[in-house]
Amino acid sequence: MIQAIIDKHFFNLLIFTLVFGILLYDAIGFDYTDEICALFLFILFSIYLFSTKGWDFNKAFLTTIGIFLFYFCYSLYIGSNTKTAILSDMLIQIKPYLAFFCVYSMMPRLNESQKRILKSLCLVLWFPLLCIGLAGAVNIKLLTLLMGHPTYFAAAVICVSFCYLYCSDFRTIDKVVFIALLSIGLISGRSKFYGFFALATIIMFYFSATKQFKLNAKNITIILLTLVAVIFVAREKIYFYFYQTVTEQVDRDMIARYVLYATAPQILIDYFPFGSGFASYGTFSSGVYYSDIYAKYGIDGVWGMSRDHYNFIADTYYPSLAQFGVVGILLFMTFWLYLLLKAVRFHKIHANMKCLSLVIMIIGFFLIESTTDSTFTTHRGFFVLMLLGLILSDMKYGQMEQSLPASKQVTHENTSNQ
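Counting from 1 along the sequence shown, just add 119 to a position and that's the residue number in my numbering.
Now the structure itself:
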């Protein structure tokens with residue numbers, strides 16, 4: 120009974136987040152759509168939690184909450200910023216993890232009817248994106264006018280494409296359609312998207328065709344060639360960061376990213392091993408509640424990083440990990456490794472190449488995006504991590520069905536150790 124309610128309302132929330140939290144986010148001009156979606160997701164999770172015997176709580180989820188509470192106390196102890204700033208940044212940083220773990224713990228399932236509806240909706244939503252993309256190809260200013268930024272357009276295309284593939288039967292035609300849907304994102308002109316598109320294409324037409332993936336010499340070679348392909352198509356961005364910025368042959372709007380990357384290693388050394396704390400470096404809150412660390416390292420005069428003009432302080436993600444130190448970086452890497460290994464383990468028990476391919480693509484998406492955008496902690500990251508939680512819960516459900524006798528009814532209880 121409770122699970123049916125969760126399944127129904129999660130489906131509604133997923134569509135609402137896709138439409139209003141991704142496609143219409145900038146058009147609406149309301150910056151708290153993802154916070155509202157996060158609140159409803161947490162309410163849904165609370166209903167699930169209180170309905171289970173013994174309050175089943177995923178151990179990895181508890182560990183994540185514990186880590187954030189530790190960094191919260193640590194930040195207060197070292198005085199990384201004001202209490203309001205620290206709390207604000209903690210809520211922003213924990214939001215993507217809550218999106219994943221809440222969905223993964225609830226194990227919602229979309230029935231065939233809901234998948235057909237979502238699949239059809241994705242196709243309907245794709246056509247306006249196509250028109251916007253074509254308009255942007257004629258004049259890039261039109262793309263910015265309609266979507267706010269080319270990055271938002273690319274993210275919307277990726278989210279719609281992911282949802283379509285998830286709801287498909289994963290036949291060859293579905294893979295072709297997925298790549299076709301994804302291809303209009305190339306109009307955005309983002310080097311990151313070119314890299315992701317290369318990654319997605321190779322996964323779709325090579326790895327997804329492998330019935331049982333093995334880490335042998337052949338596949339290692341393919342993986343290395345994939346990395347080379349991704350780097351090749353994103354070479355302009357790499358060239359920009361490692362040459363153009365250093366030689367000052369670049370627009371000043373882009374300088375902040377380079378400075379953030381260049382300063383992060385020194386912060387890691389000076390604040391070893393736990394970093395400079397919440398709201399101190401490279402995040403939205405460190406700009407709104409201006410962090411003293413920028414003046415300390417002499418970078419408060421950089422364009423886009425000053426007290427009065429901090430628009431580019433949160434323009435990337437990886438440098439902000441300096442807030443959490445070497446330990447935080449290792450924990451961040453552990454999170455993605457945890458997800459990948461879990462997906463591989465589920466796949467070995469109950470083969471589901473569609474879900475495994477999606478997990479790998481989503482991980483690749485975030486690893487690429489985080490180089491020059493804080494997507495992970497934004498509304499875009501929130502939706503994709505919700506979807507990732509849904510995908511992995513599907514894989515977990517398949518494992519449970521495989522391990523239980525056919526005569527037994529699969530339940531959603533006692534899954535906290537999965």
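Cβ coordinates follow ideal geometry from the N, Cα and C atoms, glycine included.
Source: prediction; values computed, not measured.
Subject >> Touching by the beta-carbon criterion (3+ pairs, under 8 Å), the stretch 454-474 and the stretch 413-421 >> reply: no
Original post:
Leaving out five residues before and five after Asp145 in sequence, what residues of the same chain have Cβ atoms less than 7 Å from its Cβ?
Top reply: Met266, Gly267 and Tyr271
**OP:** Would you tell me roughly how many angstroms separate the C-alpha atoms of Ile481 and Ile487, rounded to the nearest one?
**Re:** 10 Å
**OP:** Have a look at Ala470 and Ile321 and give me their C-alpha separation to the nearest angstrom.
**Re:** 20 Å
Subject >> Rounded straight-line distance, which links the Cα of Thr136 to that of Asp153 >> reply: 7 Å
Original post:
Should Gln368 go down as buried or exposed, given a rule of 16 or more other Cβ atoms within 10 Å for buried?
Top reply: Residue confidence is low: Gln368 scores 47 on pLDDT, short of 50, so the model does not pin down where it sits. Its coordinate-derived value is still stated next. Flag for Gln368 reads exposed.
**OP:** Could you give the DSSP three-state label for Asn177: helix, strand or coil?
**Re:** coil
**OP:** Measure the alpha-carbon distance for Thr345 versus Lys172 and round it to whole angstroms.
**Re:** 46 Å
Subject >> Spatially closest choice to Asp419 from Ala375, Arg235 and Thr291, by CA coordinates >> reply: Ala375
**OP:** Would you mind giving the Cβ-Cβ distance between Phe316 and Leu305, rounded to the nearest angstrom? I have them listed as a contact below 8 Å.
**Re:** 6 Å
Original post:
Can the beta-carbon of Phe393 be found less than 8 Å from the beta-carbon of Gly444?
Top reply: yes
Original post:
Using the rule of at least 16 other Cβ atoms within 10 Å of the residue's Cβ for burial, across every protein chain shown, is Val503 buried or exposed?
Top reply: buried
**OP:** Would you give the residue range spanned by the alpha helix (DSSP H) that Pro247 belongs to?
**Re:** Glu231 to Val257
**OP:** Give me the Cβ distance between Ile147 and Thr496, rounded to the nearest whole Å; I'm assuming they're in contact under 8 Å.
**Re:** With 8 Å as the limit, Ile147 and Thr496 do not qualify as a contact, their Cβ atoms being about 20 Å apart.
Original post:
By a C-beta neighbour count over all protein chains shown, 10 Å radius and 16 as the cutoff for buried, is Leu475 buried or exposed?
Top reply: buried
Original post:
Between the beta-carbon of Met225 and the beta-carbon of Phe164, is there less than 8 Å?
Top reply: yes
Subject >> Neighbourhood of Pro215 by C-beta, 8 Å cutoff - its chain only, sequence neighbours within 5 removed >> reply: Phe495, Thr496, Gly500, Phe501 and Leu504
Original post:
Which residues in the same chain as Thr183 place their Cβ atom closer than 7 Å to its Cβ, once the five residues preceding and following it in sequence are excluded?
Top reply: Tyr216 and Phe220
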